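Quick notes on the structure that follows.
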Amino acid sequence: MVKNIFLALGLTLPLIGCVTTAPQVATTKNYSVDSDTYQSTGKSQRIKTIVLHYTVSDNERSIKTLTTGNVSAHYLILDKNDDKIYNLVPESERAWHAGEGGFTGRTILNDTSIGIEIVNAGIKPEYRDALKNGDMDYHPYEHYVAFDELQIKKVAQLVQDIARRYDISPKNIIGHADMAPSRKIDPGAKFPWERLYSEYGIGAWYDEVDKQYFMQQVQLATPTIREVKQAFRDYGYQMNTTDVWDKESRDVIYAFQLHFRPLKPTGIMDIETYAILKALNKKYAGRDDFY
Ligand SMILES: [Zn+2]
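This is the structure we're talking about:
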C-alpha cells in the first residue's frame, strides 16, 4: 500500500521536466599504487577457521546440490576410489556452507572460513527415524556411517595444507556441529578427529594425563553448572548462560562429545566429558587476534 500513499493523500508527483541523463563519469587516473615502499606489520590472514561437513547424500546428489543451489563449499571430497578433490569455490571467495552459529568469538563464519564437504550418508537409513518417537534425544556412535579410508586420507592432507597456508590455530579446525550445535551434527561421531591429530598433526586434542588429573579434581570438588558452561565458552563454544541443562545446552555437550568423545556421545554432562574439556582449555588457552 505504501506506493499508493501519494494517491491516497490526493497528491501527485510532478512528472514533467524530469528528463534524466547518465552522469559523466570521470575516467582519468591521478594515482599509482606503490606496494613496495611501505609495509604494515599489524596484519593477519582473513581465513581463520576450517569447517568440515558431511553431505548426507551420494556423489551425484552432492555434486548437484553443491553446484546448482544456494549452498556450496570450497572443497568436495567424493566417495570414490581416485585421487581427486574438487575445488568448487576459490578460497578467496565465500562459500555458503556454515550458516548461523559461531566459534571462538567469531560469527558469520562464511566470511572467515574454508568449508570442506565429504560425501557420507550421515545416519544409517534404519536409524533415521530413531529420534522421532522420543525414546532418545541423540544418535549414539553406532548410528553413524563410517567414512571411507581414502576420503579420510584426502581430507587430512587437504586440511594439513590449508591450515599451514593460513596459519590456522588447532582449535579452529572444527566440525559444522561445533559451530551450530542445535542445527547440525556433521561430520558426526565417525569422523576420526583423534587420528587427524595423532597421524597428521591437525586440529586440537587433549593430553590423556591432563584428562586423568581433571577427573580426580572433579571428584574432589563438583563444579557448578555455571562453571561447566563457562568452560565450554572458554574453549570457543556458543553456550547459553541458563542455570539448567536445557536442550540448547545439551546440544552443545553432544557436539563436543561427537568431536572429543565420539564413542559415547550422550548429550549428558559427565565427569569424563568435563575432564576432557578442562584438559583442552589447559592446552589451548588464549584467544586469537581480534585487532
Ligand atoms: Zn554441514
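Read left to right, the sequence shown gives residues -22 to -1, 1 to 269 (mature numbering (1 follows the signal peptide of the UniProt record, and there is no 0)).
Ideal Cβ positions, reconstructed from N, Cα and C, are used throughout, including at glycine.
As the structure is a computational prediction, the values presented were derived from the model and not from experiment.
First and last residue of the uninterrupted alpha helix (DSSP H) at residue i
i: Glu226; result: 225 to 238
i: Glu172; result: 171 to 178
i: Ile163; result: Ile163 -> no alpha helix (DSSP H), and no H or E assigned at all.
i: Ile249; result: 249 to 261
i: Asp188; result: 186 to 198
i: Asn37; result: 37 to 46
i: Tyr213; result: 203 to 213
i: Tyr144; result: 127 to 144
Near ligand 1: residue i beta-carbon under 7 Å from a heavy atom
i: Asp156; result: no
i: Lys168; result: no
i: His117; result: no
i: His31; result: yes
i: Lys162; result: yes
Extent of the continuous beta strand (DSSP E) to which residue i belongs
i: Tyr32; result: 27 to 32
i: Glu95; result: 91 to 96
i: Tyr53; result: 53 to 55
i: Ile152; result: 151 to 153
Nearest candidate by alpha-carbon position, reference residue i, set the options
i: Phe234; options: Thr220, Gly179, Phe210, Val222; result: Phe210
i: Asp212; options: Thr43, Thr82, Thr200, Ala73; result: Thr82
i: Asp185; options: Lys260, Thr(-2), Val34, Asp89; result: Lys260
i: Lys207; options: Pro118, Ser227, Tyr232, Lys162; result: Ser227
i: Gly214; options: Asp164, His52, Ala51, Ser147; result: Ser147
i: Tyr252; options: Tyr175, Lys168, Glu205, Pro170; result: Glu205
i: Ser91; options: Gly79, Pro170, Asp107; result: Gly79
i: Tyr175; options: Gln190, Trp223, Lys225, Ile130; result: Ile130
i: Glu38; options: Ala99, Arg24, Arg142, Arg239; result: Ala99
i: Gln190; options: Arg142, Thr85, Ala257; result: Ala257
i: Ile231; options: Lys58, Ala(-1), Thr244; result: Thr244
i: Glu172; options: Pro240, Gln195, Asp113, Lys162; result: Pro240
Segment contact flag, the stretch 59 to 73 with the stretch 6 to 19, C-beta cutoff 8 Å, min 3 pairs: At 8 Å Cβ cutoff, the stretches do not touch.
Cβ contact check for the stretch 171 to 179 and the stretch 127 to 145: 3 or more pairs under 8 Å: Verdict: yes, contact present.
Cβ contact (3+ pairs, closer than 8 Å) linking the stretch 18 to 29 and the stretch 149 to 156: The answer is yes - the stretch 149 to 156 touches the stretch 18 to 29, with three or more Cβ pairs under 8 Å.
Stretch pair the stretch 193 to 202 + the stretch 101 to 121: three plus CB contacts closer than 8 Å: By the Cβ rule, the stretch 193 to 202 does not count as touching the stretch 101 to 121, because fewer than three pairs are nearer than 8 Å.
Inter-stretch contact (C-beta, 8 Å, three-pair minimum) for the stretch 12 to 24 and the stretch 35 to 43: With a cut-off of 8 Å, the stretch 35 to 43 and the stretch 12 to 24 do not count as touching, because too few Cβ pairs lie within range.
Cβ contact (3+ pairs, closer than 8 Å) linking the stretch 90 to 105 and the stretch 47 to 54: For the pair of segments examined, the stretch 90 to 105 was found to touch the stretch 47 to 54: the number of CB pairs separated by less than 8 Å reaches three.
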